[in-house]
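Asker: First the structure, which I've put down as structure tokens, then a few questions once you've had a look.
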Amino acid sequence: MKKEILPPKAKKIPKSLEFHGDVRIDNYYWMNNRDNPEVIDYLNQENEYNQKMTAHTKDFQQRLFEEMKGRIKEDDESVPYKLNNYWYLTRFETGKDYPIYSRKKRELDAPEELLFDVNEMAEGFEYYSLGGLNVSPDNKMVAFGVDTLSRRKYTIQIKDLQTGETYPDKIENATGGSTWAADNKTLFYTKKDEQTLRSYRIYKHILGTDSAEDELVFEEEDETFNTYVYKSKSKEYIIIGSHSTLTTEYRILKADDPSGEFQVFQPRERGLEYSIAHYEDNFYVMTNKDGATNFKLMKTLVDKTTKENWVDVIPHREDYLLEDIDIFKKYLVVSERNNGLNKIKVIRWDNSEEYYIPFDNETYTAYTSINPAFDTDILRFTYNSMTTPTSVVDFNMETREKTVLKEQEVLDKNFNKNNYLSERIWATAKDGTKIPVSLVYKKGTKLDGNSPLLQYAYGSYGSTIDPYFSTVRLSLLDRGFIYAIAHIRGGEYLGRNWYEDGKLFNKMNTFTDYIDVSEYLIEEKYTSAAHLYAMGGSAGGLLMGAVINMAPQLYNGVISAVPFVDVVTTMLDDSIPLTTGEYDEWGNPNNKDYYEYMMQYSPYDNVVAQHYPNLLVTTGLHDSQVQYWEPAKWVAKLRELKTNNNLLLFHTNMDAGHGGASGRFEALKEVAEEYAFLLDLEGIDH
1 MKKEILPPKA KKIPKSLEFH GDVRIDNYYW MNNRDNPEVI DYLNQENEYN
51 QKMTAHTKDF QQRLFEEMKG RIKEDDESVP YKLNNYWYLT RFETGKDYPI
101 YSRKKRELDA PEELLFDVNE MAEGFEYYSL GGLNVSPDNK MVAFGVDTLS
151 RRKYTIQIKD LQTGETYPDK IENATGGSTW AADNKTLFYT KKDEQTLRSY
201 RIYKHILGTD SAEDELVFEE EDETFNTYVY KSKSKEYIII GSHSTLTTEY
251 RILKADDPSG EFQVFQPRER GLEYSIAHYE DNFYVMTNKD GATNFKLMKT
301 LVDKTTKENW VDVIPHREDY LLEDIDIFKK YLVVSERNNG LNKIKVIRWD
351 NSEEYYIPFD NETYTAYTSI NPAFDTDILR FTYNSMTTPT SVVDFNMETR
401 EKTVLKEQEV LDKNFNKNNY LSERIWATAK DGTKIPVSLV YKKGTKLDGN
451 SPLLQYAYGS YGSTIDPYFS TVRLSLLDRG FIYAIAHIRG GEYLGRNWYE
501 DGKLFNKMNT FTDYIDVSEY LIEEKYTSAA HLYAMGGSAG GLLMGAVINM
551 APQLYNGVIS AVPFVDVVTT MLDDSIPLTT GEYDEWGNPN NKDYYEYMMQ
601 YSPYDNVVAQ HYPNLLVTTG LHDSQVQYWE PAKWVAKLRE LKTNNNLLLF
651 HTNMDAGHGG ASGRFEALKE VAEEYAFLLD LEGIDH
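Residue numbers for the sequence shown follow UniProt numbering, so the first one is 1 and each next one is one higher.
Have a look at this one:
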């Protein structure tokens, strides 16, 4: 039956792309025009083909969706946090997709004040995202951002919390976030470039005035940088940050002087990264200064902020990555990573004691949560592992007592966390490097080479995928799947050098690490090539594309979500969102050496006539991070060249962008589609 359903055949319009004396013929370059009806027609044809090829799994997809939805507590509520005399809460109601934001004055038993019911606001929209909620210092107004297209271009508005009315002021094409000055009428915000979507300008808006008259206070002219604005936890400073992959710079202004001039904290120097936190007479500076690869903590007086004034507080350590700090009146809390595991250290400012909060698992995730209060002994943190649902914990730094405020409920009568096992193993890469892998599976799952295994990874930007709990994942584990997170180079799981060893001219390590992990999982009989599945999204989709070109024989099926696969062409086009800011991650192909290196792994450029695994590729028409045409072209080229009859399915969400569908349940339908693809390949349909 399936063989009678013919896949779309994209037309070929050869385009010659010559650079550095190298000529590439791109037959599908024409797909990069979103306004071309033929492009939309092709995407619709692919969607229709996908529908027909998966028609036999539709009922199963629906069952999976209901199963995953059934584990979620529909009438759920966040743990409230206190800010400026108000308790803030987020809750969901049964059957509704979007959150409801509210607050209570002083006490938790006070009457609820509704801030936003996003369900009402989202009516009539296929996609709706509310973000950047920012209450004024006097608690009377809230600024907020709305995106209805999923291009991450927000419109900022201001709501009067006393009357419930929304001001007519509309600030278009913003990031969504904003920051109030201390006067309750001045709002700083960030605008995006219309074409590239780079965050590049900071404006100042005065309440009640026309936003067209807003004053430009800073423009980031370097196209490799983004800019943003926020307020220090002390509430004393408005801070403008400029950020590229390798370099940062900050500007500061007293929050009670919004008409004043921002002062540069430390002028940018290529390769110098730092972040700042204010406390009393000092700024605390987390930085890689002086070759501190894993970062160190320094401090400097508020009126002497340049680097020659910085002095060490926590020196650089080879085996500890300094990730973040939280400042309280009596305590400094330091978030670190050692041998891949999160550590939270509490230090009294008077140096009378310091200690680590104890965690007792082989592989887990722990991080500090929302801690807006300054004068408190309570630190809020979040903890989970691959077998333990997420807990929100209040930790008394004085008495060291833990209070679990909430543990994620899994609404499944058959769920018992003791029925699952997690472990961390170490695969050896070809160059001898040990690659950590976090695994989880249900007790009783056979480790004889016949169990299906889904191997996930990301491996770029120093972004670490920690071993986390997922209720959704239970739908695989309960059907005999093993789930593995490969902590490959390109992330920061084992420190900053782990990232440096997986970028630029070391990028190939990311792909070979993943392949080496796959081979190890097969050798150790966790699975076999007939039952091994690979998955990654965005830069992890690039990983999938590279891996199936290099070692297609290792995988039965691959899911590549919103994949960055046309690396060279995209990185040569500085009009595309994100491109210029990516040079420090991938290299600038205008440089011949980088061009030639990228050509070694760029998935689209390396598709050849060979057998490929079964493939499911997904994208969003309005994706601002990875443009839809990258996967569209890639799929067309794979269809043209692949030499076997394995599945090649391509699904474009015509209403969404990089993050997929909005709404907590719509997103689950996409997961159900992915899981049905895997389970169907395994012959599991129940």
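For each residue, glycine too, the CB sits at the ideal point set by N, CA and C.
1. Looking at valine 567 and serine 602, is the spacing between their C-beta atoms short of 8 Å?
2. The alpha helix (DSSP H) that contains arginine 152, what's its start and end?
3. How many angstroms separate the CA atom of serine 538 from the CA atom of glycine 462?
4. Could you tell me the boundaries of the alpha helix (DSSP H) in which lysine 39 lies?
5. If you count every other CB in all the chains shown that lies within 10 Å of the CB of serine 475, and 16 or more means buried, which is it?
6. Which same chain residues end up closer than 8 Å to glutamate 582 when comparing Cβ atoms and leaving out the 5 residues on each side of it in sequence?
7. Which complete beta strand (DSSP E) runs does the segment 285 to 340 hold, if anything under 3 residues is left out?
8. Keeping to the same chain, check which residues put their C-beta closer than 6 Å to that of arginine 71; ignore five residues upstream and five downstream.
9. As an exercise, report each continuous beta strand (DSSP E) stretch of at least 3 residues that is fully enclosed by the segment 436 to 477, in chain order.
10. Can you name, in chain order, every residue of its own chain whose Cβ lies under 6 Å from the Cβ of asparagine 27, other than the five neighbours on each side?
11. Ordered along the chain, which non-local residues of its own chain (more than five positions away) have a Cβ less than 6 Å from that of leucine 17?
12. Taking contact to mean 3 or more Cβ pairs, one atom from each stretch, closer than 8 Å, check whether the segment 495 to 510 and the segment 415 to 426 are in contact.
13. Taking only three categories from DSSP, how would you classify glutamine 263?
14. Using 10 angstroms around the beta-carbon of residue 756, count the other beta-carbons present and answer buried if the total reaches 16, otherwise exposed.
15. Would arginine 106 be called buried (16 or more neighbouring beta carbons within 10 Å of its own) or exposed?
16. Restricting to Cα atoms, I'd like to know which of Lys231, Gly444 and Thr305 is closest to proline 267.
17. I'd like the span of the alpha helix (DSSP H) that includes lysine 637, first residue to last.
18. Between glycine 164 and glycine 132, is the Cβ-Cβ spacing less than 8 Å?
19. Decide if phenylalanine 374 is buried, meaning its Cβ has at least 16 other Cβ atoms within 10 Å, or exposed.
20. Closest by CA to glutamate 74, which one among Arg63, Gly145 and Tyr98?
21. Is it true that the CB of valine 285 sits closer than 8 Å to the CB of isoleucine 276?
22. If you draw a straight line from the C-alpha of alanine 457 to the C-alpha of glutamate 630, how long is it?
23. My parser needs the beta strand (DSSP E) runs of 3 or more residues fully inside the segment 71 to 127; what are they?
24. Classify tryptophan 498 as helix, strand or coil using the three-state DSSP reduction.
25. By DSSP, does serine 602 sit in helix, in strand, or in coil?
26. Apart from the five residues just before and just after proline 168, which ones in its own chain have a Cβ nearer than 8 Å to its Cβ?
27. Can you tell me whether DSSP reads phenylalanine 60 as helix, strand or coil?
28. So who's on the other strand from alanine 609, going by DSSP bridges?
29. So, is glutamate 219 buried or exposed, given that buried needs 16 or more other C-beta atoms within 10 angstroms?
30. Note down, in chain order, each residue of its chain lying with its Cβ closer than 6 Å to the Cβ of proline 372, except the 5 sequence neighbours on either side.
31. So, for asparagine 309: in the same chain, excluding its five sequence neighbours on each side, which residues have a beta-carbon less than 6 Å away from its beta-carbon?
32. Cα-Cα, which of Glu112, Ala110 and Ile156 is closest to serine 129?
33. Under the three-state reduction of DSSP, which class applies to aspartate 394: helix, strand or coil?
34. Mind checking who asparagine 614 pairs with in its DSSP beta bridge?
35. Could you spell out where the beta strand (DSSP E) holding leucine 276 opens and where it closes?
36. I'd like to check one pair, lysine 417 with threonine 387: are the Cβ atoms closer than 8 Å?
Answerer: The answer reads as follows:
1. What you label residue 602 is simply residue 602 of the sequence shown in a count that begins at 1. What you label residue 567 is simply residue 567 of the sequence shown in a count that begins at 1. The Cβ atoms of serine 602 and valine 567 sit closer than 8 Å to each other.
2. For this step, residue 152 is matched to residue 152 along the sequence shown. In the DSSP annotation of this structure, arginine 152 is not part of any alpha helix (DSSP H), being labelled neither H nor E.
3. On the sequence shown, residue 538 is found 538 positions in, with the first residue counted as 1. On the sequence shown, residue 462 is found 462 positions in, with the first residue counted as 1. The alpha-carbon atoms of serine 538 and glycine 462 are separated by roughly 14 Å.
4. Locating residue 39 in the sequence shown gives position 39, where the first residue counts as 1. Correcting the residue type first, residue 39 is valine in the shown sequence and not lysine. Element bounds for valine 39: 37 to 53.
5. Counting from 1 along the sequence shown, the entry for residue 475 is found at position 475. That one is buried.
6. Looking up residue 582 in the sequence shown gives position 582. Contacts found: Thr245 and Met571.
7. 296 to 301, 311 to 314, 321 to 327 and 331 to 338
8. For this step, residue 71 is matched to residue 71 along the sequence shown. Counting only Cβ-Cβ distances below 6 Å, and skipping sequence neighbours, we find Val410, Leu411, Asp412 and Thr471.
9. 453 to 456
10. For this step, residue 27 is matched to residue 27 along the sequence shown. Only Lys12 and Pro14 meet the Cβ criterion.
11. Within the sequence shown, the letter at position 17 stands for residue 17. So the qualifying residues of the chain are Arg24 and Asp26.
12. no
13. Start at 1 with the first residue of the sequence shown, and residue 263 comes out as number 263. Three-state DSSP puts glutamine 263 in a strand.
14. Since the first and last residues shown for the chain are 1 and 686, residue 756 lies out of range.
15. To locate residue 106, count along the sequence shown from 1; it is residue 106. So arginine 106 counts as exposed.
16. Locating residue 267 in the sequence shown gives position 267, where the first residue counts as 1. Looking at the Cα atoms, Thr305 is the closest of the given residues.
17. As a working note, residue 637 is residue 637 in the sequence shown. DSSP places lysine 637 in the uninterrupted alpha helix (DSSP H) bounded by 629 to 641.
18. For the purposes of this step, residue 164 is taken as the residue at position 164 of the sequence shown. For the purposes of this step, residue 132 is taken as the residue at position 132 of the sequence shown. In this structure, glycine 132 does not lie closer than 8 Å to glycine 164 by Cβ.
19. Sequence index remark: in the sequence shown, residue 374 carries index 374 (1-based). Under this definition phenylalanine 374 is an exposed residue.
20. Position 74 of the sequence shown, counted from the start, is the residue given in the question as residue 74. With distances taken between Cα atoms, glutamate 74 lies closest to Tyr98.
21. Position 276 of the sequence shown, counting from 1, holds the residue named residue 276. Position 285 of the sequence shown, counting from 1, holds the residue named residue 285. Yes; because the gap between Cβ atoms is below 8 Å, this pair is in contact.
22. Within the sequence shown, residue 457 is the residue found at index 457, counting from 1. Within the sequence shown, residue 630 is the residue found at index 630, counting from 1. A straight-line Cα-Cα distance of about 20 Å links alanine 457 and glutamate 630.
23. 81 to 83, 86 to 91, 100 to 105 and 112 to 117
24. Here residue 498 refers to the residue found at position 498 when the sequence shown is read from its first residue. Tryptophan 498: helix per DSSP, three-state reduction.
25. Position 602 of the sequence shown, counting from 1, holds the residue named residue 602. Coil.
26. For the purposes of this step, residue 168 is taken as residue 168 along the sequence shown, with counting starting at 1. So the list is empty, once near-sequence residues are dropped.
27. Along the sequence shown, one-based indexing puts residue 60 at 60. Helix.
28. Start at 1 with the first residue of the sequence shown, and residue 609 comes out as number 609. Partner(s): none; alanine 609 has no beta bridge.
29. What you label residue 219 is simply residue 219 of the sequence shown in a count that begins at 1. Flag for glutamate 219 reads exposed.
30. For the purposes of this step, residue 372 is taken as residue 372 along the sequence shown, with counting starting at 1. Excluding sequence neighbours, proline 372 sits near Leu83.
31. Numbered from its first residue, the sequence shown carries residue 309 at position 309. Around asparagine 309: Thr300.
32. The residue labelled residue 129 in the question sits at position 129 within the sequence shown. Closest by alpha carbon: Ile156.
33. Position 394 of the sequence shown, counting from 1, holds the residue named residue 394. Aspartate 394 falls in the strand class under three-state DSSP.
34. Taking the first residue of the sequence shown as position 1, residue 614 is located at position 614. Bridge partners of asparagine 614: Gly557.
35. For the purposes of this step, residue 276 is taken as residue 276 along the sequence shown, with counting starting at 1. Sequence check: residue 276 is isoleucine here, not leucine. 274 to 279 is the span of the beta strand (DSSP E), which, as asked, contains isoleucine 276.
36. By one-based count along the sequence shown, residue 387 stands at place 387. By one-based count along the sequence shown, residue 417 stands at place 417. A contact, by the Cβ cut-off of 8 Å.
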